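The structure appears below as C-alpha cells.
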Amino acid sequence: MNLAIEGGFKKILYTNFNHSNEFLTVGTTKGFAIYSCDPFNIVFEGDEGEITIIEMMNSLVALVGNGPEPAFSARKLSMYNINEESLQPHFELSFQTPILAVKMSSSHFIVVLENKIHIYELQNVRNVRAIDTYPNPKGNHFFSNRE
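Mapping to our numbering: the sequence shown position 96 is 126, numbers consecutive.
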C-alpha cells in the first residue's frame, strides 16, 4: 500500500492481524489493504474511502467506515469475500448506533456497540444473542477464537 497520495499521505486508522497471524489488515483514510506476512507483500487493496475497522477470517473481510469521506457508514457492517471476482457485499448489517469493534472466529462474529454486544453465527448470519452492557464508549471487549 502506497501511503503517499496527492496533497499528503493516507492516514492509518486501524491495523490488525487475522486469527492465524498470517495476514495484516490496514484501514486508512482512503481505503484498506491486506498484507501477507510471510513473505510480506500486499494481497488485496481497496480504495473505497475511510475504513475505521477491518477484520478478516479466511477470505471474509468485515469493513466499517466513518469520517468525512466514509466508504461505509459507522453504523453498517459490510462483509466481503475477497476471493470472489467482483467485490460485492456478501451481506450487510445495520445498527442504530455506531459500531465500535468487530471480531470474527471460524463460526461466529461479534459486533460491539456502546451499550450492546451482538453475537452472530457466521455461516447463516443469525443473531444468536444480544447482550446489553454498561456504557462502553471505547468498545472494549475480549473475544476468544477458541471453539
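The beta carbon of each residue, even a glycine, is placed where N, CA and C say it ideally should be.
Only a predicted model underlies this, so the values are computations on that prediction, with no experimental measurement involved.
Cβ of residue i within 8 Å of Cβ of residue j?
i, j, result
"residue 138", "residue 129", "no"
"residue 123", "residue 143", "no"
"residue 42", "residue 62", "no"
"residue 147", "residue 120", "no"
"residue 86", "residue 48", "yes"
"residue 84", "residue 44", "yes"
"residue 117", "residue 134", "no"
Between which two residues does the beta strand (DSSP E) carrying residue i extend?
i, result
"residue 121", "119-124"
"residue 70", "70-76"
"residue 159", "157-162"
Using the three-state DSSP reduction, which class does residue i fall into: helix, strand or coil?
i, result
"residue 56", "strand"
"residue 133", "strand"
"residue 34", "Residue placement at residue 34 is flagged as unreliable, the pLDDT there being 47, under the threshold of 50; a coordinate-derived value is accordingly withheld."
"residue 168", "coil"
"residue 79", "coil"
"residue 149", "strand"
Tell me which same chain residues have a C-beta within less than 8 Å of the C-beta of residue i, skipping the five on either side of it?
i, result
"residue 162", "145, 146"
"residue 51", "67"
"residue 77", "60, 61"
So, does the CB of residue i fall closer than 8 Å to a CB anywhere in chain B?
i, result
"residue 140", "Protein chains in the displayed structure number just one, and chain B is not present."
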